[in-house]
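All remarks here apply to the structure that follows.
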Amino acid sequence: MTFLRFVRILRQVEATSSRRATVALLAEALAELPPAEIPAAVLLLQGRIAPPFTGIELGLAEIEAARALATAAQVSEETVRQQLSQLGDLGQVAEQLLPPRPGGLTLAEVHTALLAIAHEHGAGAAGRKRAALADLLRRASPEEARYLLRIATGTLRVGVGDATLLEALACALLPAGRTALPVLERAYALTSDLAYVATLAQQGEAALRDVRLQVGKPVRMMLAERLPTPEAILDRLGSHQAEYKYDGERIQVHSDGSQFVIYSRRGERVTHQFPDLLAAWQATPHLPFILEAEAVVVDPDSGALLPFQRVLNRRVKHLTPALLEAHPLKGFVFDLLHLAGEDLITLPYRERRARLEAFLPSSPRWALAAARPVASPEELTAFFTEAVQAGAEGLVCKAWEGPYTAGERSTLWIKYKGPTAGRLADTLDLVIVGAWWGRGRRGGRYGSVLLAVYNAQEDRFETISRLGAGFSDEDLRQRLPALLDPLRRQDPPPRVLAALQPDVWFEPAIVCEVQAQELTRSPLHTAGRGQLGERGLALRFPRFVRFREEKGPYEATTVEEVLALAQASGIPLQ
Ligand code: AMP
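If you want this note's numbering, it's the 1-based position in the sequence shown plus 207.
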C-alpha cells in the first residue's frame with residue numbers, strides 16, 4: 208500500500224466519530240493490504256513502530272524532528288520554530304513548508320525506515336536519526352510528511368483503541384467476522400501483541416486458539432471487581448481465600464531461566480526500575496516463569512509496608528544506590544501464570560497458589576502475598592483489620608476455583624477496602640479529557656478538570672465529573688500543566704462523548720484517582736448514557752486523591768464498573 212493511501216485512511220478515521228463507521232473503514236483498509244504489510248499497518252495505525260512491550264521507541268524529541276524538517280525543507284531552523292509556535296503542530300508546519308510534490312513512499316518503507324531510526328544507538332545517534340528522518344521527509348509529499356512527523360514524534364493519536372482494531376481485524380481477516388472477536392481478544396490478552404495477533408488471524412481461527420503464553424510478551428493483567436460489604440463478597444464467592452491488597456505497583460515478572468524482564472500494568476517494559484528486586488534472584492538457578500506481584504516500598508529498618516507514594520520516589524531517570532537504599536522494595540507475589548513451559552492460567556486459583564507456594568525461591572526481597580481462607584463475614588472483617596494494621600490497603604478475595612482471566616475484570620477476584628460510611632465503596636480511576644481555566648487564586652491555570660470513565664464496549668470515554676477539589680498548589684502550578692499541556696487539542700477528541708464544553712480539550716491519557724461521596728444521575732454527564740438514556744452517572748463531592756501514572760486511559764474505571772457501583776449503592780437506574 209502506498210503511504211499516501213494509508214494517510215488518507217488515517218484522515219478518514221480522524222474525521223469519524225462513530226465506532227461502527229471506524230471499524231468498517233479500518234476493516235476495509237486491512238482487507239485491501241497485502242498480508243505481509245498488515246502487522247506494520249496495525250502498529251502505525253496506533254502511531255507505533257513496535258508493540259509497547261518491546262521497549263522500542265523512536266525517541267525523537269520534537270526539537271530534533273523540527274531540525275530534520277528544516278533540512279528537508281531547506282529553510283532555517285528558526286523558520287520552523289516560528290511556524291511551530293504559530294501552528295502548534297509540527298505536522299502542519301511540514302505541510303506548509305515542504306514544496307508540493309507527489310511523494311512516493313510505501314507503508315512498508317516508512318515502517319522499516321522508522322524502525323531503523325529507533326535502532327540507532329550510541330555516539331552520534333541523534334544526528335543519524337535526524338538525517339534519516341530528513342531523508343524520508345525529502346521523499347514525502349506535504350500531506351504524507353504531516354503524518355510521518357506525527358508518528359515520528361509519538362503524537363499521531365487518531366484515536367484507534369485496541370478494541371476497535373481487534374474488531375476491524377476480525378471483520379477483515381476471519382471468515383466468521385465479528386462473531387470470532389472473542390478468539391482474537393483472547394489471543395491478544397495472552398500476548399499483548401496486536402501485530403502478532405494480526406499475523407495469526409491471517410492463518411485462521413485455529414492458529415489464534417493455539418496461542419500460548421510467551422516469556423517476553425506481557426499477559427494482559429486480570430483485574431478485580433469491587434463489592435461494598437463482606438456479606439456481599441461471601442454471597443458471591445462463598446468460602447474463598449482472601450489476600451492482602453498491597454498498595455504498591457503491580458508488576459509481571461518474566462524469566463527465561465536466566466534473563467529477567469518486568470512489565471508494568473500497561474504492558475510496558477520497566478525492568479530498569481527494579482534492579483534491587485532482580486538482584487535478589489539473579490544468583491539463584493531457576494526455571495522459566497511468569498509471575499505477578501505487587502512491589503511495595505518497605506521501611507529500611509523495620510521492614511514495615513510504606514504507602515504507595517513512596518514508590519514514586521523511585522521514579523527517576525537514574526536510580527542511584529542511595530535511592531535504592533532509602534526506598535527498598537519488596538515484591539509480594541500473588542500469582543504464577545507460567546512455569547517451565549507450562550501455562551497455568553486455566554488452572555483454578557487453588558492450584559496456582561499451591562504451585563506458587565512450592566516454587567517461589569526464598570529471598571528477603573520477595574514473599575508470598577499474605578493469604579487466609581475465609582468462610583464468614585466475621586472472618587473476612589478480622590483479616591481485613593489485620594491487613595490494614597500491617598499497612599495494606601485492604602483485601603483481594605479470590606474464588607478457589609477461579610482461572611486467571613487475562614485482560615478481564617473478573618467476578619472471581621473482588622477487592623474490599625473497608626466500610627464506606629459517607630463515601631463510595633472505592634475510589635475511581637478517571638481519565639482527564641478537558642479542563643476549565645481557574646479564577647482568583649487559580650487564575651491563568653487549569654482550575655478544574657473534566658473526567659471520564661472508559662466504555663470498553665464502544666471504545667470511547669464518557670464523562671462523569673468535573674473536579675477541582677483536592678489538588679495541591681504544586682499540582683495546580685506544575686503537575687497539571689506539565690502533564691496536560693502536551694495533550695491539548697482544539698476540538699473534542701474523537702473518542703470522547705461529552706455534554707459539557709470545557710475551555711480546553713485533551714487527548715485521553717492522564718488517569719487520576721478520585722474519591723467521591725456518592726453517585727447520582729445528571730444530564731450534564733454522559734457516563735452510562737447507552738444504558739441509562741439522557742441522564743448519565745455523575746459524582747457528588749469528588750476529590751482528587753493522586754495521579755495514577757502506571758495506568759493508561761484503557762485501564763481506567765469502566766462504565767460497567769460505575770453502573771455496578773451505582774446499583775450497589777441503590778441509585779435508581781431507570
Ligand atoms: P485496583 O487497582 O484498585 O483495581 O485494585 C487491584 C490491584 O490491586 C491490582 O491490580 C494489584 O495491583 C493490586 N493488588 C495488591 N495486592 C494484590 C493481591 N494479593 N492480589 C491481586 N492484586 C493485588
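All C-beta atoms, glycine included, are put in the ideal place defined by N, C-alpha and C.
No experiment lies behind these values; they were computed from the predicted model shown.
Exercise for review: Use the C-beta contact count for N520: other C-beta atoms within 10 angstroms, 16 or more gives buried, fewer gives exposed.
Suggested key: exposed
Practice item. Would you kindly report the start and end of the unbroken beta strand (DSSP E) that includes E501? Key: Element bounds for E501: 496 to 504.
Check your understanding: For T634, does the count of other Cβ atoms within 10 angstroms reach 16, so buried, or fall short, so exposed?
Key -> buried
Review point. With DSSP run on the structure shown, which of helix, strand or coil describes A763?
Key: Here A763 sits in coil by DSSP.
**Study point:** Status (buried if at least 16 other CB within 10 Å, exposed otherwise) for V523
**Key:** The residue is exposed, with fewer than 16 neighbouring Cβ atoms inside 10 Å.
Point to revise | Beta-carbon contacts of Q738 that lie in its chain and below 7 Å, excluding the five residues immediately before and after | key: L770
Review point. Quick one, which of R255, G262, V287, A247 has its alpha-carbon nearest I270's?
Key: V287
**Study point:** Among E767, L637, T670, nearest to V752 - alpha-carbon criterion
**Key:** L637
Practice item. Using the DSSP secondary-structure output, state which residues sit across from R753 in a beta bridge. Key: E720
Exercise for review: Compare the Cα-Cα distances from P699 to each of V365, T436, L314, P246 and report the closest residue.
Suggested key: V365
Review point. Should Q724 go down as buried or exposed, given a rule of 16 or more other Cβ atoms within 10 Å for buried?
Key: exposed
Review point. Any beta-carbon of chain C closer than 8 Å to the one on A706?
Key: The structure shown contains no chain C; it is built from a single protein chain.
Review point. Quick one: any contact between the stretch 431 to 442 and the stretch 579 to 590, if contact means 3 or more CB pairs under 8 Å?
Key: Contact between the stretch 431 to 442 and the stretch 579 to 590 is present, with at least three C-beta pairs closer than 8 Å.
Check your understanding: So is the beta-carbon of E450 under 7 Å away from any non-hydrogen atom of ligand 1?
Key -> yes
Point to revise | 7 Å Cβ shell around E564 - same chain, five flanking residues per side excluded | key: L575
Practice item. Tell me where the beta strand (DSSP E) around K452 begins and ends. Key: 447 to 452
Review point. Leaving out the 5 sequence neighbours to the left and right, which residues in its chain are closer than 6 Å to P555 when beta-carbon positions are compared?
Key: Once the five neighbours on either side are set aside, the close Cβ partners of P555 are E608.
Review point. What is the DSSP secondary structure of D633, reduced to helix, strand or coil?
Key: coil
**Study point:** E669 versus V703: straight-line alpha-carbon distance, rounded
**Key:** 6 Å
Review point. When you compare only the Cα positions, how much space is there between F210 and L372?
Key: Each residue's alpha carbon lies about 19 Å from the other.
Check your understanding: Whole alpha helix (DSSP H) runs in the stretch 327 to 380 with 4 or more residues, listed along the chain?
Key -> 332 to 345, 349 to 359, 369 to 380
Point to revise | Identity of the residue in Q489, P389, E221 nearest A413 by Cα | key: P389
Exercise for review: Using the Cα positions of L484 and S292, report the straight-line distance between them to the nearest angstrom.
Suggested key: 45 Å
Point to revise | Contact check, C604 vs L420, beta carbons under 8 Å | key: no
Review point. Do L694 and Y653 have their C-beta atoms within less than 8 Å of each other?
Key: no
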